[in-house]
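So the protein sequences, as listed, match chains A and B. Just so you know, we're using my numbering here: the first sequence kicks off at 30 and counts up by one. Just so you know, we're using my numbering here: the second sequence kicks off at 82 and counts up by one.
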Amino acid sequence: MPLASYQTSVPVVVDDAKCIADKGCTVCVDVCPLDVLRISDMTNKAYMAYDECWYCMPCEADCPTGAVTVNIPYLLR
Amino acid sequence: MALDQIVDGLSEVSCDVLVIGGGTAGPMAALKAKLKNPKANVVLLEKANVKRSGAISMGMDGLNNAVIPGYATPEQYTKEITIANDGIVDQKAVYKYAQNCYKIVEELDSFGIRFLKNENGDYAVKKVHHIGSYVLPMPNGETVKKALYRQLRRARILISNRYMATRLLKSADGRIAGAISVNTRTAEMLVIKAKAVILCMGAAGRLGLPTSGYMFGTYENAANSGDGYAMAYHAGAALANLECYQINPLIKDYNGPACAYVAGPFGAFTANNEGSRFIECDYWSGQMMLEFYNELLSGKGPVFLQLKHLHPNTIEEIETTLHKVERPTRGLFQQGRGVDYRKESIEMHISEIGFCSGHSASGVFVDDNARTTVPGLYAAGDMASVPHNYMLGAFTNGAVAGVDAMEFADNHDFAEFDAADVAVERDRVMAPTKREDGIPPNQVEYKTRRLVNDYLQPPKVTRKYELGMRRLAEARQDMQEHMIARNAHELLRALEVQSIMDCADMAVHASLYREESRWGLYHWRTDFPEKDNENWFCHTLLSKQDGKMTSEKRAVEPYVVPIADDEKDLYDKQRIRATA
């Protein structure tokens, strides 16, 4: 069977203006217990690549520039 | 090379002691092993990153089971845990924990982790349990992981992050020989030969399915998919009392802890819709969860954690702890709903099922030296069978495992394993990457865990369990023949699903074997509604024998601390009685 992807709004938001992944920072990607963050090939900024979060917050707490925000996603709110 | 792209590779390394899992027990086990023999090589293998992995990723709000001189004795604690577990306890391991844990508290204190003290400088221990006082708040509990990590670096422990262990290796005579693992970002495989292996891989916390619509809840770190249970099983180790599920009272929808252990000592309590107490004690036990369940179904629900009657300063103190440590998004969740603890109570619900001896008693069988039934294989923390051991138990028993495993490694050479075992495992691991077309891991996982909710959530009905077993077997066949992984990250999830499936099968098997009801809601079998001490006052051990899942009885070891007849049922009396 062919696969399709479906839309989902993800909890982790990265402020591209503050994110310094393009300078080589990978802190949020490194610490994530579920390994759901990646650096975008297009923007060179961090983003949530997989919607598999448990809202634990190390990405937000450890980000050196305060670029990462963890939100409570829609279905949980 | 882009992250997640699959690389076909296989390499081999060796070490003296291999610790798998870098959450709570694992770092302590690695540290103690290395301190025991500084010349030896200790490898700490972690599926995520040791800096932020495991149940204490964001720290912990307190110790739930500290036996502090002046407040409690090891004898009292051992007695309480025995009674809370309906008597099915090998006391030796619990007693040893109770004797050792104070030393570990002092050691953690020396690492820079602070515990609440009163004006005299003594530890400010609080009462949450039914009988004794063992809860010690941690005002700067968010620092735990950082403090541990510093110690690991100082001791020069070799840390390998982003490697998921998948199977253990043994020699022909049954001794541990190492483990097979896979890189979660490249799918490259790594064989690690070791003289001793310590499993510290956490709970099976991704067994039942949260009702939120997301697959991952907020209670267990979702990385705790039961890999340790599955690996121990396939290595032939015995697993104890898996039918004694873990079920928790959690914040409804948020699916995380509220948490009564923090708020209770300040005067908060679990209330029904009338604002009345209905349970004697907020300490988590199967008996307490049964009353919680009964209240929800009685028409007197919803059930709440109530704080609003407390002084505003007290509420503020509780709020600061709850919103800073362990699950900081608790605060965000409550804010989003406009819940102010001063005005409104917190709506609670019953969680889905899991295995976790951190809170109940379902784990890989270990003795008081953290030894499993496989020579050279150890287990500690939420996945090992020492009941109700919580975070301090993970540290304390992790320390025991580290020392004993290094002694074992010092006295044994590497065991030889069969290279064919590695080849078979490599085929199993990589199979989902070899298919062009099929079912993605998230769908296999969703279906498996929905079946767990539909058929396995207590009360346990024999007919439902039999149907569940059939449906799970169908899902397993789909998993084995059709699951696909298109990159290394999906492969990680695909491997986790296989652990979840194994745990679901073990839950069914263990539950059907024990033909009585025990531990309140955890093992309430409607077809055998009574506790049957004559036939079932025993542990059950599940293991793989000749390739088949098998259960057997194991006698409870003679008690170290005797329990008087009139004390045995103290935890059965959880419901508050109306008084004239």
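The beta-carbon is built from N, C-alpha and C at its ideal position, and this holds for glycine as well. Because the structure is a prediction, the values reported are computed rather than measured.
Opening and closing residue of the beta strand (DSSP E) in which residue i lies
i	result
Gly259 of chain B	257-264
Ile332 of chain B	330-332
Val674 of chain B	Residue 674 of chain B lies beyond the range of chain B shown here (82 to 661); nothing can be said about it.
Asp95 of chain B	It is Ser, not Asp, that sits at residue 95 of chain B in the sequence shown. Looking at the DSSP string, the run of the beta strand (DSSP E) that includes Ser95 of chain B is 91-101.
Ala352 of chain B	350-352
Leu239 of chain B	239-241
Ala75 of chain A	75-77
Val41 of chain A	41-43
Cβ shell of residue i (< 7 Å), same chain only, five flanking positions each side left out
i	result
Lys528 of chain B	Ala556
Val60 of chain A	Pro87, Cys88, Asp91
Tyr152 of chain B	Val206, Ser214
Ser366 of chain B	Ala165, Gly601, Tyr652
Phe609 of chain B	Glu596, Glu597, Ser598
Leu548 of chain B	Tyr536
Tyr77 of chain A	The residue you asked about is not Tyr; residue 77 of chain A is Met in the sequence shown. Val39, Val41, Val65, Leu66.
Leu51 of chain B	Missing from the structure shown is residue 51 of chain B; chain B here goes from 82 to 661 and no further.
Pair within 8 Å by beta-carbon distance, residue i and residue j
i	j	result
Val123 of chain B	Leu197 of chain B	no
Arg243 of chain B	Ala260 of chain B	no
Gly289 of chain B	Asn305 of chain B	no
Met139 of chain B	Glu407 of chain B	yes
Leu125 of chain B	Gly103 of chain B	yes
Ile332 of chain B	Met429 of chain B	yes
Ala461 of chain B	Cys281 of chain B	yes
Same chain, Cβ closer than 6 Å to residue i, neighbours up to 5 away in sequence not counted
i	result
Arg574 of chain B	Pro522
Ala96 of chain A	Val43, Asp44, Lys47, Cys48
Ala179 of chain B	Val148, Pro155, Tyr158, Thr159
Ile273 of chain B	Val94, Leu99, Gly259, Ala260
Asp613 of chain B	Glu597
Cys96 of chain B	Asn122, Val124, Ala275
Pro108 of chain B	Leu229, Leu233
Ala298 of chain B	Per the sequence shown, residue 298 of chain B should be read as Gly rather than Ala. Same-chain partners within the cutoff: Pro291, Asn336.
Ala482 of chain B	Ala110, Ile279, Ala451, Tyr459, Ala461
Contacts around residue i, its chain only, beta-carbon distance under 8 Å, and the 5 residues preceding and following it disregarded
i	result
Tyr103 of chain A	Ser38
Glu648 of chain B	Lys160, Ile164
Val641 of chain B	Thr159, Gln172, Lys173, Tyr176
Ala588 of chain B	Leu288, Leu323, Glu324, Tyr326, Ile434, Phe436, Val533, Leu537
Element boundaries [alpha helix (DSSP H), containing residue i]
i	result
His563 of chain B	543-563
Glu400 of chain B	393-405
Arg530 of chain B	522-532
Gln368 of chain B	367-378
Glu89 of chain A	87-91
Lys251 of chain B	Careful: Lys251 of chain B lies outside any alpha helix (DSSP H), inside the beta strand (DSSP E) at 244-251.
Tyr176 of chain B	172-191
Phe414 of chain B	410-418
Thr159 of chain B	155-165
Ile49 of chain A	Where Ile49 of chain A is concerned, there is no enclosing alpha helix (DSSP H), given that its DSSP letter is neither H nor E.
Gln579 of chain B	569-594
Separation of residue j from residue i, as counted between CA atoms
i	j	result
Asn470 of chain B	Ile212 of chain B	17 Å
Glu638 of chain B	Asp463 of chain B	22 Å
Ala661 of chain B	Cys362 of chain B	Unreliable placement is indicated for Ala661 of chain B, whose pLDDT of 47 sits below 50; the coordinate value is still reported in the next sentence. Spanning the two alpha carbons is a distance of roughly 21 Å.
Leu84 of chain B	Asn322 of chain B	40 Å
Phe359 of chain B	Asn353 of chain B	7 Å
Pro456 of chain B	Glu577 of chain B	26 Å
Leu378 of chain B	Ile431 of chain B	11 Å
Met296 of chain B	Gly202 of chain B	45 Å
Thr631 of chain B	Leu623 of chain B	6 Å
Arg452 of chain B	Ile434 of chain B	26 Å
Gln172 of chain B	Gly53 of chain A	53 Å
Pro346 of chain B	Cys340 of chain B	11 Å
Gly307 of chain B	Ala319 of chain B	15 Å
Thr477 of chain B	Asn302 of chain B	21 Å
Glu398 of chain B	Phe495 of chain B	53 Å
Met472 of chain B	Pro31 of chain A	45 Å
Lys115 of chain B	Asp485 of chain B	11 Å
Gly417 of chain B	Lys132 of chain B	29 Å
Pro106 of chain A	Gly439 of chain B	Per the sequence shown, residue 106 of chain A should be read as Arg rather than Pro. Roughly 29 Å separates the two Cα atoms.
Glu633 of chain B	Thr621 of chain B	6 Å
Lys208 of chain B	Ile194 of chain B	21 Å
Gln655 of chain B	Ala480 of chain B	34 Å
Contact test: residue i Cβ vs the ligand ADP heavy atom, cutoff 7 Å
i	result
Thr514 of chain B	Judged by which ligands are present, the structure shown has none, so any question about the ligand ADP falls away.
(Q) For a minimum of 4 consecutive residues, which ranges assigned as the alpha helix (DSSP H) are wholly contained in the stretch 427-501 of chain B? (A) The stretch 427-501 of chain B is shown to contain whole alpha helix (DSSP H) runs of 4 or more residues at 471-491, in chain order.
Q.
Which runs of the beta strand (DSSP E) at least 3 residues long sit entirely within the stretch 260-344 of chain B? Give them in chain order.
A. 270-280, 330-332
Q: May I have a chain-ordered list of the alpha helix (DSSP H) segments no shorter than 4 residues that lie completely inside the stretch 622-647 of chain B?
A: none
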